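In my numbering, the protein residues as written are 383 to 573.
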């Protein structure tokens with residue numbers, strides 16, 4: 383990406399290797415919005431040819447729109463792995479690339495539902511190990527919960543707190559009893 387007046391030259395776009403599409407798509411949308419390229423993806427407008435005897439303003443606008451479309455396409459090419467690139471290299475526009483990636487890697491409702499189900503199963507089966515810290519265990523739970531949230535399913539913080547309270551080893555029983563007596567558990571925030 384070219385360093386410009388946008389101030390985003392120091393930001394690296396998120397790379398996509400075919401895994402964790404939902405999180406990548408959120409990051410990439412924000413990145414392209416920040417670089418003023420998202421319109422070219424979202425709208426997929428046609429750049430009309432210049433009229434006879436165009437004004438300087440028309441020439442400038444034409445060049446900006448054409449450049450924005452080219453940069454958006456180039457940006458998407460640059461942020462995918464070689465394997466993903468071979469699947470999109472023949473597509474003509476940034477919108478076509480975006481739509482293909484969404485269809486190919488996000489999946490339909492049934493696939494998202496299965497992903498959520500698998501993540502919920504992982505969440506429920508996770509138990510804190512004896513030598514693990516509460517913070518490390520909580521971080522694992524938050525990571526799973528955030529993956530579930532990105533797929534469009536709500537997971538409340540109080541559910542994470544409950545999971546921690548029932549999953550910690552016996553050595554934390556006194557701490558749990560103290561927490562239950564002194565804190566409103568529904569007010570504890572983890573993510």
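Ideal Cβ positions, reconstructed from N, Cα and C, are used throughout, including at glycine.
Remember, predicted model here, so these are calculated numbers, not experimental data.
Asked                                                                                                                             : Found
Cβ neighbour criterion (16 or more within 10 Å) applied to residue 461                                                            : buried
Counted within 10 angstroms of its Cβ, other Cβ atoms place residue 394 as buried (16 or more) or exposed                         : exposed
Beta bridge counterpart(s) of residue 398 as assigned by DSSP                                                                     : 462
Endpoints, the alpha helix (DSSP H) within which residue 410 is located                                                           : 403-416
Cβ neighbours of residue 480 in the same chain (closer than 6 Å, five flanking residues each side left out)                       : 423
Rounded separation between residue 459 and residue 441 - CA only                                                                  : 27 Å
Cα-Cα separation, residue 430 to residue 457                                                                                      : 23 Å
At least 3 beta-carbon pairs within less than 8 Å: the stretch 494-509 vs the stretch 527-544                                     : yes
Through-space distance from residue 529 to residue 405, alpha-carbon basis                                                        : 8 Å
Chain-order list of residues whose beta-carbon lies under 8 Å from that of residue 488 (same chain, five-residue window excluded) : 403, 404, 407, 494
Residue 418 versus 453, 475, 560, residue with shortest Cα-Cα distance                                                            : 453
Inside the stretch 486-514 only - alpha helix (DSSP H) runs reaching at least 4 residues                                          : 491-507
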